[in-house]
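First the structure, in the form of structure tokens, and then the observations on it.
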Amino acid sequence: MKVVKIVVTVKQVPDPNTTQSLESDHSLARDKEVVLDPGDECGVEEGLQLKEAHGGEVVLVSMGPERAKDAIRKGLSMGADRGILISDPALAGADALLTAKVLAAAIKPEEPDLVICGTESYDSSTGMVPPMLAELLGVPQLTFAKKVEVDGTTLKINRQTSDGHMVVEATTPALITVTAAIAEPRYASLKGIMAARSKEVKQLTLADLGVDRGTDSETIEGVSDAEARKAGSIIEDDGSAVDRIVKVLADAKVI
Amino acid sequence: MAKILVVAELSQGKLQPTAVEILTRARDLGDVAVVALGSGAKAAADVLGKHGAKTAYVNEDKVFDEFLAEPAADAIEQLHKEDVADLILFGFTSDSRDIAGRLAARLGCGLISNASDITASDGGFVAKVPYFGGAKIASMRASGKPAIVLVRPKSFEASESGGSAEIKELAVSIADGSKRARVVDQVVEASEKVKLEDAKVVVSGGRGMGGPDNFPLLEALAGALGGAVGASRAVVDAGWVPYSMQVGQTGKSVRPGVYIAVGISGAMQHTVGMKTSKVIIAINKDAEAPIMKMADLGVVGDALKIVPALTAAVKAKKGQH
Chain B
3 MKVVKIVVTV KQVPDPNTTQ SLESDHSLAR DKEVVLDPGD ECGVEEGLQL KEAHGGEVVL
63 VSMGPERAKD AIRKGLSMGA DRGILISDPA LAGADALLTA KVLAAAIKPE EPDLVICGTE
123 SYDSSTGMVP PMLAELLGVP QLTFAKKVEV DGTTLKINRQ TSDGHMVVEA TTPALITVTA
183 AIAEPRYASL KGIMAARSKE VKQLTLADLG VDRGTDSETI EGVSDAEARK AGSIIEDDGS
243 AVDRIVKVLA DAKVI
Chain U
90 MAKILVVAEL SQGKLQPTAV EILTRARDLG DVAVVALGSG AKAAADVLGK HGAKTAYVNE
150 DKVFDEFLAE PAADAIEQLH KEDVADLILF GFTSDSRDIA GRLAARLGCG LISNASDITA
210 SDGGFVAKVP YFGGAKIASM RASGKPAIVL VRPKSFEASE SGGSAEIKEL AVSIADGSKR
270 ARVVDQVVEA SEKVKLEDAK VVVSGGRGMG GPDNFPLLEA LAGALGGAVG ASRAVVDAGW
330 VPYSMQVGQT GKSVRPGVYI AVGISGAMQH TVGMKTSKVI IAINKDAEAP IMKMADLGVV
390 GDALKIVPAL TAAVKAKKGQ H
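Protein chains in written order, with the working numbering: chain B, 3 to 257; chain U, 90 to 410.
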């Protein structure tokens, strides 16, 4: 079996279990609890499982502030081999295309057989970095995978559809995005956490990559609270709840 | 007049509904052309014209059915070079996301993703984008040339404008190098009686259902109401139910007549996908859960008792008619 090199893109995001807030420039407040994106955890897990089955190396690549190193460490403690962090003050507020350009510049020299991404980040949810990255790396993209099989240079995925899945096939090198259904992320063992401390995390700047910051493709003109829906009535179930619900259903003409 | 290109998605020969929703808005923003690629493109042109497309570019080459993203990105890139659009609109759906990302990277123009609205403003376009799973709405001015915006399904209610589209055969050449991610099979897993996105009633379950073993209670209720079952991200992530059932920011957007949220706390991630439902009923043991503040009727109680009783009551009521 061919030894593969797998790159997994990872992002540090505000902890989904905490309340989030915005900075004055409309970027996410990063002083809160931050974690490795839960979707990326699944990507790391899938990378590790492929490595365990086929050998090779798992490299984590992230763009973010210095502290995003913690997200990489988390993946390293799960078992990934090494990490690359692109960190540069000029990248604050980077849009999806700039993010993809930066990641592509860092990933290209690695010449990976497979790049694994989450379907979209928890915080900004554009879902655009993976297809842009695939285009910039010049590889096909196999997206929304809930199952991945590698056989030599043949890659086969089950791609989530609204009523099941489609089977999609390509030859490596390729990029895949994985859904949460792909694999249950493992817990880092104490041994893994210890080992992660001595694993290499290379840090790069925009200048190191030779990427031009460029201009953003969108300008945020304002941010407002989402329109709240008016609350109706709240009742305790004292045995009459079912009748009340049936009345609402009847008023809505669904029964 | 701004020139707008709407990318209509076809799936297994069938026009996907997001295209006509987007057309309903786009026809007020400028001159609208539509592009439909793959099996069924010509048949779709009629419906697309009725919803405001003046021109329908069609190409029924099987290459668009057989390969993901790249052939379509090639075709739209070539079309854009011949007939330059100010704004290209896609639905925020799996296939369109794949195509739009590649196209934007190729054109070097960036894009705005996951929008819930788009309006014309000061000679350009401003999109509304939910942030933080929908707690905040950002107004973003699209500054790319062309501007590319992906609009969430169900953002607009489709209506016909009574027009018709001039059909133009789109002549494009697809390089062999773009035929890489090949679709080899289509598998239907669940024999979904009613599609979640189209259901008039959606019954969704969250962690408060206690475990996957209790989901059949929701199926029974949805069955009695002729509806479909959805779920929160928490239970999908936990592996209780498949991703195809997920409602929310990273799942499906639904707009049913009645949405019944059972044991769902109402995190923004979830509510952004269902808050435009006409009527919302929440059943939760926690009176303080955020879902209660947006429900038309919030019931504080034990879902595992209420749901089966409700199913029986609905069946009894229907039986009377």
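C-beta: ideal position from N, C-alpha, C; glycine also. Bear in mind the structure is a predicted one, so any value in this text is a computation, not a measurement.
Closest Cβ-Cβ distance between residue i and chain U: below 8 Å?
| i | result |
| --- | --- |
| B:Met3 | Because B:Met3 sits at a pLDDT of 44, beneath the cut-off of 50, its placement in the model cannot be relied upon, and the following sentence gives the value as read from the coordinates. No, B:Met3 lies away from the interface with chain U (no Cβ there is under 8 Å from its Cβ). |
| B:Pro175 | no |
| B:Arg188 | no |
| B:Leu208 | no |
| B:Ile8 | no |
| B:Pro133 | yes |
Can you pull the chain U neighbours of residue i, defined as C-beta to C-beta under 9 Å?
| i | result |
| --- | --- |
| B:Asp239 | Ile372, Val388, Val389, Gly390, Asp391, Lys394, Ile395 |
| B:Lys1 | Residue 1 of chain B lies beyond the stretch modelled for chain B, which goes from 3 to 257, so this question has no answer here. |
| B:Ala172 | Leu157, Arg269, Ala270, Arg271 |
Starting from the beta carbon of residue i, find every residue of chain U whose beta carbon is closer than 7 Å, and list them in chain order.
| i | result |
| --- | --- |
| B:His167 | Val276, Glu278 |
| B:Leu138 | Ala194 |
| B:Gly224 | Ser228 |
Quick one: Cα of residue i to Cα of residue j, how far?
| i | j | result |
| --- | --- | --- |
| B:Glu220 | B:Gly129 | 16 Å |
| U:Asp274 | B:Lys149 | 14 Å |
| U:Glu149 | B:Glu113 | 36 Å |
| B:Ala243 | U:Val325 | 28 Å |
| U:Leu314 | B:Leu135 | 44 Å |
| U:Ala227 | B:Val225 | 4 Å |
| B:Leu192 | B:Arg199 | 11 Å |
| B:Ile8 | B:Pro18 | 27 Å |
| B:Ala190 | B:Glu202 | 17 Å |
| B:Asp125 | U:Gly295 | 21 Å |
| B:Thr173 | B:Thr156 | 5 Å |
| U:Met90 | U:Ala122 | 13 Å |
| B:Asp239 | U:Asp385 | 15 Å |
| U:Val351 | U:Glu110 | 29 Å |
| B:Pro187 | U:Gly299 | 22 Å |
| B:Val36 | U:Ala189 | 30 Å |
| U:His359 | B:Arg231 | 14 Å |
| B:Met65 | U:Leu393 | 45 Å |
What does DSSP give as the partner residues of residue i in its beta bridges?
| i | result |
| --- | --- |
| U:Pro242 | Answer is none; U:Pro242 lacks a bridge partner. |
| U:Pro219 | U:Ile226 |
| U:Glu255 | U:Thr144 |
| U:Ile201 | U:Val238 |
| U:Phe156 | U:Arg271 |
| B:Val117 | B:Val9, B:Leu177 |
| B:Arg161 | B:Ala147, B:Met168 |
| B:Pro16 | B:Val36 |
| U:Glu85 | No answer is possible for residue 85 of chain U: the residues shown for chain U start at 90 and end at 410. |
| B:Glu220 | U:Ala231 |
| U:Ile165 | U:Ile165 is not bridged to any residue. |
| B:Ala108 | According to DSSP, B:Ala108 bridges with nothing at all. |
| B:Lys249 | Note: B:Lys249 sits in no beta bridge, so no partner. |
For residue i, count the other beta carbons within 10 Å of its own beta carbon; 16 or more makes it buried, fewer makes it exposed. Which is it?
| i | result |
| --- | --- |
| U:Val173 | exposed |
| U:Arg186 | buried |
| B:Ala183 | buried |
| B:Pro111 | exposed |
| U:Ala405 | exposed |
| U:Thr107 | buried |
| B:Pro16 | buried |
| U:Val416 | There is no way to answer for residue 416 of chain U, as the model of chain U reaches only from 90 to 410. |
| B:Asp115 | buried |
| U:Val368 | buried |
| B:Ala209 | exposed |
Answer yes or no: does any C-beta atom of chain B fall closer than 8 Å to that of residue i?
| i | result |
| --- | --- |
| U:Val368 | yes |
| U:Ser251 | The residue you asked about is not Ser; residue 251 of chain U is Gly in the sequence shown. So, not an interface residue. |
| U:Thr339 | yes |
| U:Met298 | no |
| U:Ala227 | yes |
| U:Arg186 | yes |
| U:Ser342 | no |
| U:Arg114 | no |
| U:Pro301 | no |
| U:Met159 | For the record, residue 159 of chain U in the displayed sequence is Glu; it is not Met. Yes, contact with chain B. |
| U:Arg241 | no |
| U:Gly190 | yes |
| U:Ala402 | yes |
So which residues on chain B does residue i lean against when the C-beta distance must stay under 8 Å?
| i | result |
| --- | --- |
| U:Ile381 | According to the sequence displayed, residue 381 of chain U carries Met and not Ile. In chain order: Ala233, Ile236. |
| U:Tyr348 | Within 8 Å Cβ-Cβ: nothing; U:Tyr348 doesn't reach chain B, min ~10 Å. |
Using a Cβ cut-off of 9 Å, pull out every chain B residue sitting near residue i, in sequence order please.
| i | result |
| --- | --- |
| U:Pro219 | Ser127, Ala228 |
Given that residue i touches chain B, what residues does it touch there, using C-beta distances under 7 Å?
| i | result |
| --- | --- |
| U:Ile201 | Glu220 |
| U:Lys407 | Ile257 |
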